[in-house]
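*Asks:*
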Amino acid sequence: MLSIAAHLADTPPQLLPAREQMAFTLASHILLVPFGVALPFITVLMHYRALRRNDPVALLLARRWSAVMAVQFAIGIITGTVLSLEFGLLWPGMMGRWGDVFGVGFGVEAWAFFLEAVLIAVYLYGWRRLKPWTHWWLAVPLPLTAAMGAFGIIAANSWMNTPQGFTLDSQGNPVNVNVRQAIFTPMFGPQYWHFVVAMFMTAGYVVAGVYAVGWLRGRRDRYHKLGFTVPFTVAAILTPVQFFLGDSAARAVYNKQPVKFAGMELVWDTSTHVPEYVFGRLNEDGTISGGIKIPQLDSILAGFKPSTQVTGLTSVPASDRPTAVEATIVHWAFDIMATIGSVLILLALWYAWIWWRHRDLPINRWFFSCAALAGAACLITVECGWITTEVGRQPWIVYFNMRVSEAVTPTRSDGIWTMFGIVVVLYVAVFASFLAVLLKMRTRWRIADEGRAVRGTPAPETDTPYGPRREPLPDEAGVVSGGSGPAAGGDR
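Going by the UniProt record's numbering, the letters in the sequence shown line up with residues 1 to 492, in that order.
Here you go:
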């Protein structure tokens with residue numbers, strides 16, 4: 001505790017509120033990112049199935065998911081814009097000195113954002129107005145623009161982790177910028193693929209979890225079965241892939257950011273035959289309290305043999321490495337992420353085994369209960385991944401080139417705390433509105449489905465799924481012209 005107090009005493013007073021605000025806004029925005037990156041692909045995949053198999057239920061799901069996608073994109077505009085402003089307002093030291101080097105990543109993300117906005121608008125407008133396959137082909141670029149946006153963000157973040165593509169002049173300012181090297185840093189590949197697959201897994205498990213809850217509540221029609229099967233299958237296929245990508249990313253950190261790796265694994269002194277601690281807490285003197293100690297495993301994981309040397313935190317001065325508290329936070333985040341990932345592999349294998357044996361979904365309530373929780377677990381791993389990335393790099397904002405304290409704004413701390421409070425209120429209102437809209441859409445769709453089942457009307461979307469909206473039938477026209485009755489508020 002004394003070292004923490006000394007550390008805070010040596011930093012500008014505005015650093016703490018700036019970090020807290022950035023952490024809050026990033027943690028909030030990252031919850032939306034999986035759906036911005038992966039939901040377009042899942043929706044287009046369901047849409048393809050609908051057209052290929054002439055499946056009206058799949059078409060209904062795709063159409064409804066496209067509406068959710070649009071609402072999520074609108075909310076992401078708000079939270080993403082706040083983050084963009086914070087880079088300049090809270091960290092002018094970094095953007096002023098290094099913006100010309102790594103700012104191209106943000107430019108790529110901005111272009112992807114505008115393209116995605118246009119394509120979502122076209123996709124939504126195209127329902128019932130375009131020919132079926134024309135409409136679908138216009139949606140195909142949507143997942144590509146989403147991946148392009150992720151490309152830009154990860155290019156910027158990986159540069160902060162392994163900066164390159166420049167030289168420093170006599171005043172310490174970057175010159176002779178090489179854009180290609182600044183984008184494709186040593187950490188870009190491992191980070192990008194690990195991130196993108198994580199987004200697809202999370203979106204798949206969350207969407208499937210909605211229908212798993214419906215199954216547990218007794219709604220076991222084809223609509224819920226198909227709504228569960230497609231996204232869950234995407235996520236289940238990618239889960240073992242993510243295991244190897246995560247291992248590759250961790251090994252890249254070991255090679256390119258050894259001090260961060262030491263914080264992730266609580267390695268105090270450089271040594272071989274280093275044990276692995278599952279959880280545990282790092283003390284100021286380098287000892288570890290609690291946790292499960294597995295002899296030599298850390299060295300084996302890093303270099304495939306017990307004699308692998310792992311760099312310790314003490315290889316650099318105390319001012320150049322994470323504090324004991326920061327290292328413990330990173331270690332717990334990393335272990336939680338790895339633990340949840342391992343459990344999800346078991347869930348994916350369970351699903352694959354049942355499907356291989358019976359060519360059908362499991363009917364076990366335990367399976368659907370686990371599937372319903374998988375989405376929330378994935379969101380936790382996404383948060384833990386970013387904690388590992390950002391806190392593990394401390395005290396650097398540009399790894400071994402600029403400290404966080406050097407980049408922070410000179411604005412007074414009380415002004416930042418006030419701004420932080422305003423942002424919290426804004427985000428609570430925005431996310432509450434987001435949730436209210438989703439619940440309203442769910443209720444409206446459920447009423448429409450129940451009404452369709454009672455009236456015995458045609459299956460969803462079979463009444464001219466494309467082309468102009470149909471005119472009301474004679475019996476409907478009488479009700480509508482009266483301005484009252486159940487059809488007045490119906491789903492059209």
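For every residue, glycine included, the Cβ atom is placed at its ideal position computed from N, Cα and C.
Within 10 Å of its beta-carbon, does Val241 have 16 or more other beta-carbons around it, so buried, or fewer, so exposed?
*Replies:* exposed
*Asks:* From Leu439 to Ile77, what does the alpha carbon distance come to, in whole angstroms?
*Replies:* 20 Å
*Asks:* Report the rounded CA-to-CA distance for residue 509 versus His135, giving the unit in angstroms.
*Replies:* Beyond the ends of the chain as shown, which are 1 and 492, falls residue 509; an answer cannot be given.
*Asks:* Please tell me whether Leu90 and Met22 are closer than 7 Å, where the distance is taken between their beta carbons.
*Replies:* yes
*Asks:* By the three-class DSSP mapping on this structure, what secondary structure does Ala18 have?
*Replies:* helix
*Asks:* According to the Cβ coordinates, are Thr311 and Thr270 closer than 7 Å?
*Replies:* yes
*Asks:* Alpha carbon to alpha carbon, what distance is there between Phe243 and Ala193?
*Replies:* Note that residue 193 is Trp in the sequence shown here, rather than Ala. Each residue's Cα considered, the two are about 12 Å apart.
*Asks:* Identify, in the order they occur along the chain, each residue of the same chain with its Cβ nearer than 7 Å to the Cβ of Val196, setting aside the five sequence neighbours on each side.
*Replies:* Val37, Ala147, Ala150
*Asks:* Quickly, what does DSSP pair Met402 with across the bridge? List them, please.
*Replies:* Val398
*Asks:* Please classify Ala18 as buried or exposed, where buried requires at least 16 other C-beta atoms within 10 Å of its C-beta.
*Replies:* buried
*Asks:* Go through the segment 241-301 residue by residue and report every complete run of the beta strand (DSSP E) that reaches 3 residues or more, in order.
*Replies:* 276-278, 292-294
*Asks:* Mapping DSSP to helix, strand and coil, what is Pro174?
*Replies:* strand
*Asks:* Rounded to the nearest angstrom, what separates Tyr277 and Ala302 at their Cα positions?
*Replies:* 14 Å
*Asks:* Measuring CB atoms only, is the segment 253-272 touching the segment 365-376, in the sense that at least three cross pairs come out at less than 8 Å?
*Replies:* no
*Asks:* Indicate whether Val101 and Pro174 have their beta-carbon atoms separated by less than 7 Å.
*Replies:* yes
*Asks:* For the alpha helix (DSSP H) containing Trp91, list its first residue and its last residue.
*Replies:* Taken as a continuous stretch (DSSP letters only), Trp91 belongs to no alpha helix (DSSP H), as it is neither H nor E.
*Asks:* Rounding to the nearest angstrom, what Cα-Cα distance links Ala62 and Ile154 in this structure?
*Replies:* 29 Å
*Asks:* From this set, Leu32, Trp396, Phe334, which residue's C-alpha is nearest Met199's C-alpha?
*Replies:* Across the set Leu32, Trp396, Phe334, the C-alpha of Leu32 shows the shortest separation from the C-alpha of Met199.
*Asks:* Mind checking which residues open and close the alpha helix (DSSP H) that includes Ala371?
*Replies:* 365-391
*Asks:* What residue from Val425, Phe368, Tyr223 has the CA that sits closest to Trp65's CA?
*Replies:* For Trp65, the closest alpha carbon among the candidates Val425, Phe368, Tyr223 is that of Tyr223.
*Asks:* Helix, strand or coil for Leu168, going by three-state DSSP, please let me know.
*Replies:* strand
*Asks:* Please go through the same chain and pick out, in chain order, the residues whose beta-carbon is closer than 7 Å to the beta-carbon of Ala212, but skip the five residues on each side of it.
*Replies:* Excluding residues within five positions, the ones whose Cβ falls inside 7 Å are Phe228, Phe368, Ala371, Ala372.
*Asks:* If you run the structure through DSSP and keep just helix, strand and coil, what is Val310?
*Replies:* strand
*Asks:* Is it buried or exposed for Lys260, if we count other Cβ within 10 angstroms and need 16 for buried?
*Replies:* Flag for Lys260 reads buried.
*Asks:* Are at least three pairs of beta-carbons, each pair with one atom in the segment 347-362 and one in the segment 402-414, less than 8 Å apart?
*Replies:* In short, these stretches do not touch, since the Cβ pair count stays below three.
*Asks:* Quick one: measure Cβ to Cβ for Ile340 and Ile380, integer angstroms, because I've assumed they're closer than 8 Å.
*Replies:* 6 Å
*Asks:* Grab me the residues of Ala407's own chain with a C-beta within less than 7 Å of its C-beta, minus the 5 sequence neighbours each way, in chain order.
*Replies:* Trp91, Gly93, Met94, Ile397
*Asks:* By how many angstroms is the C-alpha of Ile120 removed from the C-alpha of Phe114?
*Replies:* 10 Å
*Asks:* How many angstroms separate the CA atom of Leu83 from the CA atom of Ile294?
*Replies:* If you take the alpha carbons of Leu83 and Ile294, they lie about 40 Å apart.
*Asks:* Does DSSP put Trp127 in a helix, in a strand, or in coil?
*Replies:* Three-state DSSP puts Trp127 in coil, outside helix and strand.
*Asks:* Assuming Met187 is part of the alpha helix (DSSP H), what are its boundary residues?
*Replies:* DSSP places Met187 in no alpha helix (DSSP H); its state is neither H nor E.
*Asks:* Out of Asp169, Pro163, Thr202, which has the shortest C-alpha to C-alpha gap to Ile183?
*Replies:* Pro163
*Asks:* So, are the CB atoms of Val179 and Val108 less than 7 Å apart?
*Replies:* no
*Asks:* Assign Arg157 to buried or exposed, taking buried as 16 or more other Cβ atoms, counted over all protein chains shown, within 10 Å of its Cβ.
*Replies:* The amino acid at residue 157 is misidentified as Arg; the sequence shows Asn. Asn157 is buried by the Cβ-count criterion.
*Asks:* Please report how far the alpha carbon of Leu347 lies from the alpha carbon of Glu284, in whole angstroms.
*Replies:* 39 Å
*Asks:* Would you decide whether Asp169 is buried or exposed? Buried here means 16 or more other CB atoms lie within 10 Å of its CB.
*Replies:* exposed
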